[in-house]
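Peer 1:
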Amino acid sequence: MVQIDDLSRIIDEHPFAHGMDDTLRALIVGCAANERYDAGQYILREGGRADKFFLIRAGAVALEIASPSGAIMVETLSDGDLLGWSWLSDPPVWTFDARATQLTRVISFDANCLRRKMDADPALGYEVLRRFLPIMAHRIHAARIQMLDLYGPGPRR
Amino acid sequence: MKMDVQDSMVPVPFRIEKVRRELSDTFTMELKPEAGGAFRFQAGQFNMLYVFGVGEVPISISGDPGESGVLVHTTRAVGAVTRAMGQLEVGETIGVRGPFGKPWPVEQAFGSDLVIVAGGVGLAPLRPAIYQALANRDKFGKLVVLYGARTADDILFRKELERWRGRFDVEVKVTVDRATDRWAGNVGVVTNLVARGGFDPMHTTALVCGPEIMMRFAAQALVKRGVSPASVYVSMERNMKCGVGFCGHCQWGPHFVCRNGPVFTWEEASPLLAVREL
């Protein structure tokens, strides 16, 4: 059983929480839990209610979208990455499947718990969003580059 | 074989010794001078390859600079000349002018970490630098190879990448833009690997080659991690014709890419890349 102090230390080691004020970290730790997923196990499914987000401690996760010819992987995430921001949108619904491709250990956060604390404490709300936004911007930027099909046929010669 | 300026415009006949299909549209040729002798070059340089009766194109050398007995070119068939080149068979002759251009600064990087970032067929011009780095492995800190391809079926030099990854002194990370669940590796853009690569940005030399947009984003990611723009090198591609800066076809701002490049520092390249339609 992981104690709150251990959880706090584990969260502090993740890039998402680097430099976070102790008071604010203590608030988010109260919504956190330690989880593990075996290779092949789904962490979340498209269309499901987005009531969590995850900090990946170790392992690898594939973001997939189902198609008639099978799952298409759109991105992989690994140690130090953050998984899941749909809990911030309305309605909070997952837009992809996330599958552990190897044994994966994460810290999960109860979105309802965190949302309540963010509503009650705007400083916490601002801090959490301030940490999510650059990650979201980076992912959107990366997705746009992927869409460009950069490695397709180049100049004719 | 070293050419002087006078005969740099005259193609030298080389015999095709081997042809290897790398990918559905990409092939590697091993060439030897018909007159015999060696061919010396530096990693990052290119040759003008002449398919007789069809035309001439600039192609980077993809072989080992430490191996002067054979000239190796890896080419993607995308136009009339390169498609005709892909039809040539062992025993046929091809014209070679070169080597031309400024090389990758592999020796200047001695003492620092060396990060190679390649996209698609851009791994071919970087392979000589990787060979040179491996031959001088003890002179570098970390050696990191980051490679992005379209799909798992489009990974160039796959066996070599696997072999390099199997060494204990090279970090090799591969990512693809699209994959099915049969692929167990990374999916996403190669710039994501830059953020994860284990190197010391303050003491890193980075060599980047691939489509121009990919190089732009990869160089930006390296600089964002703290690598100096003067230590990030990109290999530019423009309409090279003469190879020696006479004809002006490859003029790029104040530079002729064939003579002042194709390798430029990001410090030199980034202001020019910001100029539209240059």
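Chain order of the listed sequences is A and B. In terms of this note's numbering, the first sequence opens at residue -5 and continues consecutively. In terms of this note's numbering, the second sequence opens at residue 103 and continues consecutively. By construction, the Cβ of each residue, glycine as well, lies at the ideal position given by its N, Cα and C atoms. Remember, predicted model here, so these are calculated numbers, not experimental data.
If you run the structure through DSSP and keep just helix, strand and coil, what is Ile118/B?
Peer 2: Correct three-state label for Ile118/B: strand.
Peer 1: From what residue to what residue does the alpha helix (DSSP H) around Phe319/B run?
Peer 2: Note, Phe319/B: alpha helix (DSSP H), 314 to 327.
Peer 1: Quick one: give me the first and last residue of the alpha helix (DSSP H) that Arg229/B is part of.
Peer 2: Looking at the DSSP string, the run of the alpha helix (DSSP H) that includes Arg229/B is 225 to 237.
Peer 1: Skipping 5 residues on each side, what residues in its chain have a beta carbon closer than 6 Å to that of Glu136/B?
Peer 2: The answer, listed in chain order, is Pro115, Arg117.
Peer 1: Determine, using beta carbons only, whether Asn288/B comes closer than 9 Å to chain A.
Peer 2: Yes - at least one Cβ of chain A is within 9 Å of the one on Asn288/B.
Peer 1: Taking the DSSP output, what are the residues bridged to Trp354/B?
Peer 2: The partner list for Trp354/B (beta bridge, DSSP) reads His357/B.
Peer 1: Which residue from Gly345/B, Val246/B, Glu369/B puts its Cα closest to that of Tyr152/B?
Peer 2: Checked all of Gly345/B, Val246/B, Glu369/B; the closest Cα to Tyr152/B is Gly345/B.
Peer 1: Using 8 Å as the threshold, is the segment 214 to 225 of chain B in touch with the segment 294 to 302 of chain B, meaning 3 or more CB pairs across them?
Peer 2: As far as the Cβ criterion goes, the segment 214 to 225 of chain B touches the segment 294 to 302 of chain B, which means the pair count is three or higher.
Peer 1: Thr293/B touches chain A at which residues, Cβ-Cβ below 8 Å?
Peer 2: Those are Ala136, Ile139, listed as they occur along chain A.
Peer 1: If you draw a straight line from the C-alpha of Phe103/A to the C-alpha of Pro9/A, how long is it?
Peer 2: Those two C-alpha atoms are separated by around 15 Å.
Peer 1: Spell out whether any CB of chain B is found under 9 Å from the CB atom of Glu58/A.
Peer 2: By this cut-off, Glu58/A is an interface position.
Peer 1: Nearest to Ile232/B by CA position, among Thr195/B, Gly268/B, Leu309/B, is which residue?
Peer 2: It is Leu309/B whose Cα lies nearest to the Cα of Ile232/B.
Peer 1: Looking only at C-alpha atoms, which of Ala220/B, Asn294/B, Val336/B sits nearest to Leu137/A?
Peer 2: Strictly speaking, residue 137/A in this sequence is Ala, with Leu absent from that position. Here the closest residue by C-alpha is Asn294/B.
Peer 1: Helix, strand or coil for Gly168/B, going by three-state DSSP, please let me know.
Peer 2: If DSSP states are grouped into helix, strand and coil, Gly168/B belongs with coil.
Peer 1: Verify the CB distance criterion: does Val122/A have a CB-CB separation below 9 Å to chain B?
Peer 2: No, Val122/A lies away from the interface with chain B (no Cβ there is under 9 Å from its Cβ).
Peer 1: Give me the DSSP bridge partner(s) of Val68/A.
Peer 2: Looking at the DSSP assignment, Val68/A forms no beta bridge with any residue, so it has no partner.
Peer 1: For chain B, find out if any of its Cβ atoms is closer than 9 Å to the Cβ of Asp143/A; answer yes or no.
Peer 2: Judged by the 9 Å Cβ criterion, Asp143/A is in contact with chain B.
Peer 1: Would you call the segment 100 to 114 of chain A and the segment 56 to 63 of chain A touching, i.e. three or more CB-CB distances under 8 Å?
Peer 2: Cβ pair count under 8 Å is below three, so no.
Peer 1: At a Cβ threshold of 9 Å, is Val100/A touching chain B?
Peer 2: Output row for Val100/A: interface = no.
Peer 1: Listed in chain order, which residues of the segment 69 to 87 of chain A have Cβ atoms closer than 8 Å to some Cβ of chain B?
Peer 2: Cβ contacts with chain B: Glu69, Thr70, Ser72, Gly74.
Peer 1: Could you tell me the boundaries of the alpha helix (DSSP H) in which Tyr120/A lies?
Peer 2: Where Tyr120/A is concerned, the enclosing alpha helix (DSSP H) stretches over 116 to 141.
Peer 1: State the Cα-Cα distance for the pair Thr95/A and Val55/A, rounded to the nearest angstrom.
Peer 2: If I take the Cα positions, the gap works out to 6 Å.
Peer 1: Can you check whether the C-beta of Gly221/B is within less than 9 Å of a C-beta belonging to chain A?
Peer 2: Closer than 9 Å to some Cβ of chain A, the Cβ of Gly221/B qualifies, so yes.
Peer 1: Less than 8 Å between the CB atoms is what I'm expecting for Thr89/A and Ser80/A, so what's the real figure, rounded?
Peer 2: Going by Cβ atoms, the distance from Thr89/A to Ser80/A rounds to 6 Å, so yes, they are a contact pair.
Peer 1: Please list, in chain order, all residues of the same chain as Ile129/A whose beta carbon is under 7 Å from its beta carbon, the five residues on each side excluded.
Peer 2: Within the same chain, Ile129/A has close Cβ partners Leu76.
Peer 1: Hey, quick one: how far does the alpha helix (DSSP H) through Leu263/B stretch, first residue to last?
Peer 2: First-last of the alpha helix (DSSP H) with Leu263/B: 260 to 268.
Peer 1: Assuming Met150/B is part of the alpha helix (DSSP H), what are its boundary residues?
Peer 2: That residue, Met150/B, is in no alpha helix (DSSP H); its beta strand (DSSP E) goes 148 to 153.
Peer 1: In the DSSP assignment, what are the bridge partners of Pro364/B?
Peer 2: According to DSSP, which records beta bridges pairwise, Pro364/B is partnered with Lys204/B.
Peer 1: If you reduce the DSSP assignment to three classes, tell me which class Pro85/A lands in.
Peer 2: Residue state, collapsed to three classes: coil.
Peer 1: Would you say Ser337/B and Thr306/B are within 9 Å of each other, going by their C-beta atoms?
Peer 2: It is not a contact, given that the beta carbons lie outside the stated cut-off.
Peer 1: Tell me, to the nearest whole angstrom, how far the beta carbon of Thr98/A is from that of Tyr36/A; I am working on the premise that it is less than 8 Å.
Peer 2: The pair is not a contact, with the Cβ atoms about 11 Å apart (cut-off 8 Å).
Peer 1: Rounded to whole angstroms, what's the CA-CA distance from Gly197/B to Trp266/B? Just pull it up for me.
Peer 2: Taking the straight line joining both Cα atoms gives about 33 Å.
Peer 1: In whole angstroms, what is the alpha-carbon distance linking Leu375/B and Pro201/B?
Peer 2: Going by the C-alpha atoms only, they are around 26 Å apart.
Peer 1: Helix, strand or coil for Asn341/B per DSSP?
Peer 2: If DSSP states are grouped into helix, strand and coil, Asn341/B belongs with coil.
Peer 1: Interface residues of chain B around Met130/A at Cβ under 9 Å?
Peer 2: Per Cβ cutoff of 9 Å: no residues; Met130/A is ~14 Å from chain B at best.
Peer 1: When you compare only the Cα positions, how much space is there between Asp127/B and Trp354/B?
Peer 2: Rounded to the nearest angstrom, the two C-alpha atoms are 29 Å apart.
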